[in-house]
Amino acid sequence: MITSLRRNMKPEILPLIDKLMLKRRSIIETINDQLKNISQIEHSRHRSVHNFFVNLFAGLIAYCHRPNKSAVGIDAAEYQALLAVN
């Protein structure tokens, strides 16, 4: 998880993608909350790997069919900057 600089941390240069995602952290947290609560994707004990993936994909499909979805929303200038870095 990427966080902003705090008092006892050494200053480091963050990659551009991490800076962009740090600005949109609240949106990302909202999406994760929706996936866990509304689409019922949660950490539970699965007896098999197959059952885990069935539960995960069912929740993702339920999220995709929702009419209102949150988005990170990277605009064209930020996208070009990301392509230039990589």
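Residue numbering for the sequence shown follows my numbering, beginning at 1006 and increasing consecutively. We put the beta carbon where it would ideally sit given N, CA and C, even for glycine. Source: prediction; values computed, not measured.
| message | Alpha carbons only, please: which of 1011, 1013, 1025 and 1017 is nearest the one belonging to residue 1086? | response | 1025
| query | Of all the options 1082, 1081 and 1071, which has the alpha carbon lying nearest to the alpha carbon of residue 1036? | reply | 1071
| task | Enumerate in chain order the residues of its own chain whose CB-to-CB distance from residue 1045 is below 7 Å, with the five nearest sequence positions on each side excluded. | result | Non-local C-beta neighbours of residue 1045 in its own chain, meaning closer than 7 Å and more than five positions away in sequence, comprise 1064, ordered along the chain.
| said: Here's a check: name, in chain order, each residue in its chain whose Cβ is nearer than 6 Å to the Cβ of residue 1056, leaving out the five neighbours to either side. | reply: Correct list: empty, nothing qualifies.
| field | C-alpha gap between residue 1015 and residue 1082, whole angstroms | value | Answer to the nearest angstrom: the Cα atoms are 30 Å apart.
| query | If you follow the alpha helix (DSSP H) that residue 1031 is part of, which residue opens it and which one closes it? | reply | 1030-1042
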